[in-house]
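Residues 4 to 299 (this note's numbering) make up the sequence shown, in order.
Presented below is the structure to which this report refers.
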Amino acid sequence: MSLPPFPQQTVTIDCPEITQSQPFFITHVIILSYNGEMNNDHSKSGLFAGIFCFVFWGMAPIYFKLLNEVNAMTIIAHRVIWAVLFLFLFLLIRDRQRFFKIIRIPLMVALGLLLSGMLIISNWLIFVWAVTHDQILATSMGYFINPLINVLFGLVFLKERLTRIQTLALLLAAFGTIFLGWYLGQTPWLPLSLAITFGLYGLLRKQLQVRPMVGLFWESAWFILPATLFLYFWADNHVWYQSMRDQWLLIGTGLITVIPLVAFNFAAKQLPLSMVGFLQYIAPTISFLIAVWFYD
């Protein structure tokens, strides 16, 4: 398979802790199986960005478990508002006089980002609800299914192809996912919802010609007014977070949102979608271990 054309701008992802320590066997298999395609700085940066974002997402349940007493819709509304503010400040400081030129995008791209924003916000809501209702194992299953969806989308829509070792790895992953579903013994509506929404999000973002942070800014900006109105009317009758700790944690959801998504969008642009699918096994593996070892 061949890599998609790379954008002209240079994006640097500084993750020394990732590049120096890669404790996941699947990571080494990916690097070896794609060795012939990892021969330039863009693809290597994309690989490290992908590893970073999925390690980050694998640890995310720990953060959201701290907000157990807060309604999931309230958390998502805060995620949207604070993500927009953090991105606005970052882009304004980084680009200065060029800020308005940088964030100006064509109408069709903006509409595409509206759709991708709907997908990622739906994914956030399902994930946060599951974590705060002691369903971390179900989210883990969802993100075990998600790479299979990504690889399927890559084969069907982007005409990518797998080598024999990648096909074997995919079959093993599918078997493991089926076993996890049997172990949970539940109707998999929640895992399937997580997998499909995020798979469609990754496919759509790969097609949109927009910089990662600018794209994420517009995805969130589309929904800042509904989020603000929701918080305004909801807070009148449902004040669920009184402590200063909860307020700071809700503000922090903006950073928890922005940091891994920027890395993911960069990785999705630089790597074949099938490779992104394999990398995604890092996150549910971590979540699975957290669910069993830390939350019983």
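Quick reminder that beta carbons are idealized off the backbone N, C-alpha and C, glycines included.
- Item | Between the CA atoms of K104 and I96 - distance to the nearest angstrom | 14 Å
- Cα-Cα separation between D239 and L207, rounded to whole angstroms: Low confidence applies to D239: its pLDDT is 49, below 50, so where it sits in the model is not reliable enough to give any reading.
- Task: Over the uninterrupted alpha helix (DSSP H) stretch that includes T288, give me the two end residues.
- Result: 285 to 296
- Under the three-state reduction of DSSP, which class applies to P215: helix, strand or coil? helix
- Hey, F57 and V261 are a contact pair by Cβ (cut 8 Å); roughly how many whole angstroms apart? The Cβ separation is near 16 Å, so there is no contact.
- Message: Taking the straight line between their C-alpha atoms, what separation do you get for N268 and F102?
- Response: 20 Å
- Item | Beta-carbon proximity list for A177, same chain, < 7 Å, skipping 5 on both sides | L151
- Cα-Cα separation between T166 and S290, rounded to whole angstroms: 28 Å
- Task: Under 8 Å Cβ to Cβ from L211, same chain only, skipping five residues before and after it: list those, please.
- Result: V112, G115, L116, S119, G218
- Task: Following the continuous alpha helix (DSSP H) through I254, name the residue where it begins and the one where it ends.
- Result: 247 to 273
- Query: Exposed or buried, which one is S306 when buried takes at least 16 other CB atoms within 10 Å?
  - Reply: For the chain, the structure presents residues 4 to 299; residue 306 sits outside this window and is missing.
- Query: Can at least three beta-carbon pairs, one atom from the stretch 216 to 230 and one from the stretch 132 to 143, be found at a separation below 8 Å?
  - Reply: no
- Identify, in the order they occur along the chain, each residue of the same chain with its Cβ nearer than 7 Å to the Cβ of G202, setting aside the five sequence neighbours on each side. N149, I152, N153, F156
- Task: State whether the stretch 53 to 70 contacts the stretch 121 to 138, with contact taken as three or more CB pairs (one from each stretch) at a distance under 8 Å.
- Result: yes
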